[in-house]
Amino acid sequence: MELVDILKNKKVKVTEIPKWGAYLRQQWESKFANHISHEEKKSIYLYDDRIACGYLWHVFSWEKRDYLKEEKAEKEFNNELKNTFYVFYQHSDYALILENASRFTADDLSNEEDVYVVDKELNWTYVKTHEIECGPYFSRL
Numbered sequence: 207m208e209l210v211d212i213l214k215n216k217k218v219k220v221t222e223i224p225k226w227g228a229y230l231r232q233q234w235e236s237k238f239a240n241h242i243s244h245e246e247k248k249s250i251y252l253y254d255d256r257i258a259c260g261y262l263w264h265v266f267s268w269e270k271r272d273y274l275k276e277e278k279a280e281k282e283f284n285n286e287l288k289n290t291f292y293v294f295y296q297h298s299d300y301a302l303i304l305e306n307a308s309r310f311t312a313d314d315l316s317n318e319e320d321v322y323v324v325d326k327e328l329n330w331t332y333v334k335t336h337e338i339e340c341g342p343y344f345s346r347l
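With my numbering applied, the sequence shown corresponds to residues 207 to 347, in that order.
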């Protein structure tokens, strides 16, 4: 995977966790979308498997949680202290644990889509979507 190579070149400790995606998506939802009812989640296509493909980042695009967007989101993410955190994807169970990743920036995700970065305690998240007009997003609890 290209992202792993980029990170290793920056001396980031990378641990691949190929089956953690579903778990991390559930944890992310329980933190960043816990204030939204099940019916409301359905109405913003959080779970949809037909029209909008069920994206967690819809909590931002439907303005259900405060966020920074575009350059402000990238700047906040780049300035965030990054010790141990997770990288996972919307439609894959592949995930990574990153440690000592202070040199990891938003630019490193330029070839990624529907990718979520979250600190170990799930206090903040950075999301890069597949849609040009949506995101990237940064949000802090």
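Ideal placement from N, C-alpha and C gives every residue a C-beta, glycine not left out.
Item, Value
"Taking DSSP as the reference, what is the three-state secondary structure of S345?", "strand"
"Are the CB atoms of W263 and T335 within a distance shorter than 7 Å?", "yes"
"How is D313 classed by DSSP in three states: helix, strand or coil?", "helix"
"Candidates E245, E282 and A301: which alpha carbon is nearest F291's?", "A301"
"Fully enclosed by the region 218-284, which alpha helix (DSSP H) runs are 4 residues long or longer?", "227-238, 244-249 and 264-267"
"Is the distance from the Cβ of V210 to the Cβ of V220 below 7 Å?", "yes"
"With DSSP as the reference, label D320 as helix, strand or coil.", "coil"
"Taking only three categories from DSSP, how would you classify E208?", "helix"
"With DSSP run on the structure shown, which of helix, strand or coil describes L302?", "strand"
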